[in-house]
Each structure stands twice: as C-alpha cells, then as structure tokens.
Amino acid sequence: MRVFKIVSLCMFVLVALCTVTVFSYAGVVVENTPHCTQLTAGQFIDAGDVCVKVEEGNLIVTYTTHNGWELTAVHLWVGDDLADMPHNAQENPKIGNFPYKAEDLGGVTSYSFNIPLTALGGDDYEVNLCDQTFLVAAHASVQKPDGAGGYQTETGWGDGPQMNPGGSWAMYFDFMFKCVLDPEPCETPPAPPGDCDTPIGGGIPD
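The sequence shown begins at 175 in this note's numbering and counts up one residue at a time.
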C-alpha cells in the first residue's frame, strides 16, 4: 500500500503540472471564416456570393458569380460605421467614391480585393480589431447573356440590411474579427525528486 501511494503521488504531480495550458497568439481571423453572403442582383436575383476572410495580414473580399452571371465592375467599402461610407445628401451610397474599385472587368466570374489589416486597425491591428464588428458595402454591376446576342444587366449588392430605408435598395452586411489563441503543446516535466520509479505492486519488505 505504501508503494502505491508513492507512485500515485508522483503521477498526480506530473499530470497536474501538465494541465496548466499556455496559449500563444495566433493572429486575427474572421469569425466563421469564410463569412459569406449572397450577391443579390436586381433586388431579388441570386447572382453569386461575397465572402470575407483573413490571410497573411490582409482582409480578402471575394465576389463570385454563378447561374450565368458575370461581373463588369465592383466597388467596395469596409468600415465600422456607415456614417463614414461615402454617401450623397439623400444618404445613398456614392459608389464612385468607394476606396476599393475595379471597373471594365469585361465579364469575369470572380474578383478579390486584398485590404491590409493595418488599413482597418492601424499598426496595432492585432489588438484593435479583436472582437470588433465591421460593415461591408459590396456593390457590383453584373450581366448575363440573354441568348439573343445581348445581355441582361443588373446592379448587385452583398445581401443584408438596407442602408437607407427611405432611399435606394443598397445593402450592407457585417462580420466580426476574432483574435485566435493556440494552446502550446504540454511537455511532460521531469519527475519530481523521490522514488517515482518503484513499480506499482512491487511490495515493501516487512
């Protein structure tokens, strides 16, 4: 019985020392990455998706079309307050003043913007962006062959709440940044001093 107590105590010490989890900072990510919403054309048409994710210190916003739709132009704004988005006196978005844009795309089916996280959270973005919600106004001009040599053309937005209920049908969506901590591997510490090598059931002489 005495040997069993010694071995059990040593095993308990080793296990206890290895249950103190140490975390290391792994970086900023988008919650539920990739976070996607429908690219809605003409208010009611499912023309594709707009997705956001973080890679190598950049927020990547990707437009992807389907069902025969194509991109001819895209305009993007990302921020934490709609009041900062370029808009006119009627509070409708001024897409020509959006900071990220690509025009004359000629009918591609995918396009991505890479936005440095420092542009959203400053040099200390790894602290400033944690658990922060950001808004995305993702505009697109889309087209679809009509089968008669021409195109059906529509305006599209990343689906979400209407920006201005009394104005245009322009929409936005939101996402949250999360800061990820990874647990470091638990290394078994050296055995504590004492007789920890006595096998269980080895017995003790009378």
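Glycine included, C-beta positions come from ideal geometry on N, C-alpha and C.
Compare the beta carbon distance of residue i and residue j with 8 Å and say whether it is the shorter of the two.
i	j	result
Leu213	Gly330	yes
Asp348	Val316	no
Gly341	Asn241	no
Val202	Leu279	no
Glu328	Gly281	no
Thr207	Thr239	no
Met350	Asp305	yes
Tyr346	Gly334	yes
Lys275	Val301	no
Lys318	Glu205	no
Go ahead and label residue i buried or exposed: buried means 16 or more other beta carbons lie within 10 angstroms of its beta carbon, across all protein chains shown.
i	result
Ala314	buried
Asp297	exposed
Glu277	exposed
Leu250	buried
Gly332	buried
Ala215	buried
Ala322	exposed
Gly270	exposed
Val354	exposed
First and last residue of the alpha helix (DSSP H) that includes residue i?
i	result
Leu294	Thr292 to Gly295
Name the DSSP beta bridge partners of residue i, please?
i	result
Thr246	According to DSSP, Thr246 bridges with nothing at all.
Lys352	Val203
Pro267	His261
Asn158	A question about residue 158 goes unanswered here, because the residues of the chain that appear run from 175 up to 380.
Thr239	Gly222
Leu280	Correcting the residue type first, residue 280 is Gly in the shown sequence and not Leu. In the DSSP output, where bridge partners are listed per residue, Gly280 has none listed.
Locate the beta strand (DSSP E) running through residue i, then write down its first and last residues.
i	result
Asn302	Here Asn302 belongs to no beta strand (DSSP E); instead the alpha helix (DSSP H) covers Tyr299 to Asn302.
Leu213	His209 to Ala215
Phe308	Thr307 to Pro319
Trp331	Tyr325 to Gly332
Gly222	Ile219 to Glu229
Tyr346	Where Tyr346 is concerned, there is no enclosing beta strand (DSSP E), given that its DSSP letter is neither H nor E.
Ala276	Tyr274 to Ala276
Check the C-beta distance from residue i over to residue j and give it rounded, since I have them as a contact under 8 Å.
i	j	result
Asn288	Ile219	About 28 Å separates the two Cβ atoms, so there is no contact after all.
Val224	Thr211	6 Å
Thr292	Tyr299	6 Å
Tyr237	Gly253	The Cβ separation is near 18 Å, so there is no contact.
Pro290	Gly231	7 Å
Gln264	Trp343	Rounded, the Cβ-Cβ distance is 13 Å, inconsistent with contact.
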